[in-house]
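Scroll down for the structure; my scribbles are underneath it.
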Amino acid sequence: MKDLKSLLVAKDLKKSYGKHQNVFNALKGINLEIKEGESVAIIGKSGSGKSTLMHLLALLDAPTSGAVFLEEQNTSKFKQKKLNHLRNKDFGFVFQSFFMNANDTVLNNVILPLKIAGVRPKERRCRAMEALKIVELEDKAKNKAKDLSGGQKQRVCIARAIVNEPKVIFADEPTGNLDSATGAKIEELLFNLNKEKGITLIIVTHDDDLAKKCERRINLVDGQIKENTK
Amino acid sequence: MRIIDILRDANSNLWRSKIRSILTILAIFIGSFTIILNTAINAGVNKFLDQQIENMGGDGYLEMMPTEAYESAMSMISTSEPREYTDEDDTISYYIKDDQIEAIEKIDGIKSFDVLYPVSVDYFTSDKTDKRYKADSFNLIVPGINIDMLTGETPDTSEDAEYEIALTESMAKALGFETADDAVGQTIKIAVPNAVKCHSMPRNECVAIVEAKVSGVQAPGILSIAGSRANLALWNRIYDINYDGAPEISKPRPPQAVADVDPEKITEIKDKLKEIGLSAMSVDDEVGMFKTFFDAILIVLNIFGGIALAAAAIGIINTLFMSVQERTSEIGLDKALGMSSAKVFFSFSAEAIMLGFWGSLLGIIMSVIAGSVINVLAHATFLKDFPTFNLVVFDPKSMLAIVGIIMLIAFLAGTLPARKAAKKNPIDSLRYE
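Pasting the structure below:
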């Protein structure tokens with residue numbers, strides 16, 4: 001484990017919202033390092049800043065001060081175009097409330113990142129089917145997304161997250177909307193991807209059981225890291 | 231993201247809220263339909279006029295009348311101040327005076343020139359029929375104008391020619407000739423009253439019969455509306471019979487004159503005529519007057535079309551603002567997955583352009599259908615004599631231009647909501663739901 005390459009590094013990350021007297025400091029100086037192939041849980045109560053931290057690490061937002069380094073490069077120096085490309089190519093996203101086009105087919109939902117990347121129709125359909133195979137939903141490809149169960153929806157979202165073969169998957173409460181049995185399946189799927197494909201997993205959760213399955217837990221309290229344990 | 235994908239998605243996004251999109255498209259359709267149909271009618275009428283003018287020739291044709299007569303004809307309401315009477319003023323209505331005629335003859339560039347005396351004719355008849363037909367429309371063949379002939383020849387316009395007439399097709403039929411060709415070379419009878427005799431004698435006894443040769447039959451056109459046309463020899467003969475024995479003072483004076491002039495000098499000649507108190511109009515001037523009047527009607531209709539389009543543009547803005555609102559989390563997801571703001575902007579603009587496209591396409595289809603119906607109806611009624619004239623003429627180029635302009639308007643209307651969509655922050659949008 002020692003010779004793993006550093007993937008994401010946060011250096012004194014601060015994030016505040018509002019102005020003057022109404023300033024709210026969501027993150028008060030975060031330092032951490034996530035290595036390639038790790039599985040990391042970011043835990044904490046609501047309002048602890050765990051979502052904000054994920055947004056900063058996922059380059060969806062810019063910190064008020066400090067910087068995020070991706071593969072030892074300072075991302076605050078990147079242009080918007082490069083950030084868009086990175087999120088599309090290197091990152092996969094899984095959200096608590098899925099965010100799917102309910103009226104569109106399962107296949108088209110999985111295709112979305114490839115479409116944004118400008119991949120040609122034939123290739124993207126082929127790659128989306130591969131991704132659906134991994135989550136065992138290839139037979140539902142032509143179904144409308146809204147006709148799926150919650151667990152199936154989240155599997156489609158995982159297929160969407162991995163379709164572009166990312167380096168990292170950011171999962172924001174991936175089991176939050178699911179019952180424990182289906183939740184367990186989703187967890188299994190995510191950890192398999194971590195182990196078999198070496199995809200780094202960053203999971204935001206307040207579910208202790210899920211957090212315990214990760215190699216590392218970062219516990220946030222009031223915008224600061226309280227614990228960073230293996 | 232590839233442009234084809236953006237366009238395809240934009241189109242399928244439109245149909246996610248069908249009723250809203252259809253209503254917006256209908257609004258665009260009303261505007262585009264009006265404008266496309268107007269343009270087509272304008273094209274049809276202009277094509278017809280141009281064709282007729284070309285047939286007429288008439289590059290050097292000038293019609294002149296006293297400026298006072300011209301001005302009182304032009305102004306519906308006389309706003310001029312009372313004018314003091316002089317001994318030169320005449321109690322009779324305006325006419326072309328002898329000294330003016332002399333002056334006209336001296337103008338350089340006038341090839342031929344005729345003073346038009348008014349004549350009166352009671353009826354036409356022929357050996358083939360017992361019926362008599364009123365000669366309501368009867369005119370002189372004027373120099374410089376080509377009469378479009380269906381068959382036969384244009385009457386000889388020299389002063390000492392035989393008495394000849396070019397009938398209209400309907401008059402030839404009425405006079406008992408089965409076809410237009412049958413009438414050519416035949417003789418018809420024209421009943422001409424005499425001003426003196428008709429004071430004291432019954433009408434049927436005071437008329438003289440003049441025989442005239444039918445040189446040909448006119449093709450339908452704007453000239454044939456003016457009726458059968460006599461040559462100068464026949465016209466002068468009729469005038470002589472009309473006023474034979476009448477005192478000079480009671481003979482009508484010529485209200486107008488026509489000339490065939492050098493087309494290159496036409497403006498100069500018009501200026502010179504103005505100096506001697508005559509207003510002259512060329513064929514272009516006369517057609518121009520009609521076109522101006524016609525254009526004014528079309529401009530009003532096009533303004534209505536424009537207002538409909540303006541309302542439609544607001545409809546586009548409205549419907550797109552609603553879809554930006556509805557699709558906030560979708561926009562957030564797209565941006566999180568790496569779509570650039572420019573592409574988000576373009577995808578909403580593409581939706582606006584699609585609305586414009588469908589609206590104007592519907593406008594084209596419906597106006598082509600309406601135009602064909604109008605053409606059929608027109609040919610069955612007021613355009614019966616003009617089988618080759620289509621009132622509505624569609625020009626693919628101008629239709630494409632209109633579609634282009636409407637799509638541009640739609641795009642501009644769409645920029646407002648598209649900008650709002652492009653500015654959305656992915657995190658806030660994903661929190662929304």
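First to last, the sequence lines map onto chains A and B.
The first sequence begins at 1 in this note's numbering and counts up one residue at a time.
The second sequence begins at 231 in this note's numbering and counts up one residue at a time.
The C-beta atom is built at its ideal place from N, Cα and C for all residues, glycine as well.
Here the structure is a predicted model, which is why all the values come from computation and not from measurement.
Residues of its chain near A/Tyr17, where Cβ-Cβ distance is below 7 Å and the 5 sequence neighbours each way are ignored: In the same chain as A/Tyr17, and ignoring 5 residues on each side of it, the C-beta atoms closer than 7 Å to its own belong to Phe24 and Ala26, in chain order.
For A/Arg124 and A/Lys115, the rounded distance between their alpha carbons: For A/Lys115 and A/Arg124, the distance between alpha carbons rounds to 7 Å.
Own chain residues within Cβ distance below 6 Å of A/Lys96, not counting five before or after: One detail in the question is off: residue 96 of chain A reads as Gln in this sequence, not Lys. Same-chain partners within the cutoff: Asp172, Glu173, Gly176 and Asn177.
Residue environment, B/Ser356, which counts as buried when at least 16 other CB atoms sit within 10 Å: Around the beta carbon of B/Ser356, 16 or more other beta carbons sit within 10 angstroms, so the residue counts as buried.
Where the beta strand (DSSP E) containing A/Asn84 begins and where it ends: Where A/Asn84 is concerned, there is no enclosing beta strand (DSSP E), although the alpha helix (DSSP H) it sits in stretches over Gln80 to Lys89.
Beta-carbon gap between A/Met100 and A/Ile202 smaller than 8 Å: No, these two residues do not count as a Cβ contact at 8 Å.
Runs of alpha helix (DSSP H) wholly within the stretch 26 to 76 of chain A (minimum 4 residues, chain order): The stretch 26 to 76 of chain A contains these whole alpha helix (DSSP H) runs: 50 to 57.
Close beta carbons around B/Val598, own chain, < 8 Å, minus the five adjacent residues each side: Only Phe624 meet the Cβ criterion.
Proximal residues of chain A, C-beta to C-beta of B/Arg246 below 7 Å: Asn103, listed in chain order.
Pairwise C-alpha distance: A/Ser149 and A/Pro121: The straight-line gap from Cα to Cα measures roughly 27 Å.
Same chain, Cβ closer than 8 Å to A/Lys144, five either side skipped, listed in chain order: If we look at A/Lys144 and ignore the five residues flanking it on each side, its Cβ neighbours are Ala102, Asn103, Asp104, Thr105 and Val106.
Selection from A/Phe69, A/Arg87, A/Ser46 and A/Ser39 that minimises the alpha carbon distance to A/Pro166: For the residues A/Phe69, A/Arg87, A/Ser46 and A/Ser39, the minimum Cα distance to A/Pro166 belongs to A/Arg87.
Where B/Glu581 meets chain A, residues with beta-carbon distance less than 7 Å: Within 7 Å Cβ-Cβ: nothing; B/Glu581 doesn't reach chain A, min ~15 Å.
Cβ-Cβ distance between B/Met379 and B/Gln448 below 8 Å: Yes; because the gap between Cβ atoms is below 8 Å, this pair is in contact.
Close-in-space but distant-in-sequence residues of the same chain around B/Val349 (CB under 7 Å, 5 per side omitted): Excluding the 5 residues flanking it on each side, B/Val349 has same chain C-beta neighbours closer than 7 Å at Trp465, Ile468, Tyr469 and Asn472, in chain order.
Secondary structure, beta strand (DSSP E): runs of 3+ residues fully inside the stretch 360 to 433 of chain B: With a minimum length of 3 residues, the continuous beta strand (DSSP E) runs that stay inside the stretch 360 to 433 of chain B are 368 to 370, 379 to 382, 394 to 397 and 417 to 423.
Where B/Glu293 falls: helix, strand or coil (DSSP): In the structure shown, B/Glu293 sits in a strand (DSSP, three-state: E or B).
Under 8 Å between C-beta atoms of B/Pro385 and B/Asp490: Not in contact: B/Pro385 and B/Asp490 (Cβ atoms no closer than 8 Å).
Cα-Cα separation, A/Ala41 to A/Glu196: Looking at the two C-alpha atoms, the distance is approximately 19 Å.
For B/Lys364, the nearest candidate out of B/Phe343, B/Ile375 and B/Met401 (CA to CA): Just measuring C-alpha positions, the residue of B/Phe343, B/Ile375 and B/Met401 sitting nearest B/Lys364 is B/Met401.
CB-CB length for B/Ala270 against B/Gly535, believed under 8 Å: Not a contact, Cβ separation roughly 12 Å.
Secondary structure of A/Phe99, DSSP reduced to three states: If DSSP states are grouped into helix, strand and coil, A/Phe99 belongs with coil.
Test item: CB-CB of B/Leu475 and B/Val426 under 8 Å: Reading off the sequence, residue 475 of chain B comes out as Gly, not Leu. Closer than 8 Å, so yes.
Minimum Cβ-Cβ distance from A/Met1 to chain B less than 8 Å: Any reading at A/Met1 must be qualified, since the residue scores a pLDDT of 47, below 50, and its modelled position is unreliable; no value is offered.
8 Å contact criterion, which B/Ser553 and B/Ser247 should meet: CB distance rounded: Between the beta-carbon of B/Ser553 and that of B/Ser247 there is about 7 Å, and that keeps the pair under the 8 Å contact cut.
Interface flag, B/Ile249 vs chain A, CB-CB below 8 Å: By the rule that beta-carbons nearer than 8 Å mark a contact, B/Ile249 does not touch chain A.
Beta-carbon separation (whole angstroms), B/Ala566 vs A/Leu60, contact threshold 8 Å: Between B/Ala566 and A/Leu60, the beta carbon gap of about 6 Å places them in contact (Cβ cut-off 8 Å).
Minimum Cβ-Cβ distance from A/Leu8 to chain B less than 8 Å: No, A/Leu8 does not count as interfacial toward chain B.
Cβ separation of A/Cys157 and A/Val94, assumed to be a contact under 8 Å, to the nearest whole Å: Correct: roughly 5 Å between the Cβ atoms.
Secondary structure of A/Thr231, DSSP reduced to three states: Outside the displayed range of chain A (1 to 230) lies residue 231 of chain A, so it cannot be described from this structure.
DSSP state of A/Met1 mapped onto helix, strand, coil: Low confidence applies here, because A/Met1 scores a pLDDT of 47, under 50, leaving its location unreliable; read the following figure in that light. Correct three-state label for A/Met1: coil.
Runs of alpha helix (DSSP H) lying entirely within the stretch 144 to 204 of chain A, each at least 4 residues, in chain order: DSSP runs (the alpha helix (DSSP H)) wholly in the stretch 144 to 204 of chain A: 150 to 162 and 180 to 196.
Exposure label - B/Glu581; buried when at least 16 CB within 10 Å: When all chains shown are included, B/Glu581 counts as buried.
Nonlocal neighbours in the same chain, by C-beta distance under 7 Å from B/Tyr353, ignoring five residues either side: Setting aside the 5 residues that flank it on each side, B/Tyr353 is surrounded in the same chain by Arg362, Tyr363, Lys364, Ala365 and Ala421, each with a C-beta closer than 7 Å to its C-beta; the list follows chain order.
Exposed unless 16 or more other CB atoms sit within 10 angstroms - verdict on B/Lys654: Buried, by the Cβ-count rule.
Inter-residue spacing [alpha-carbon to alpha-carbon] between B/Gly568 and B/Ile255: Their Cα atoms are separated by approximately 32 Å.
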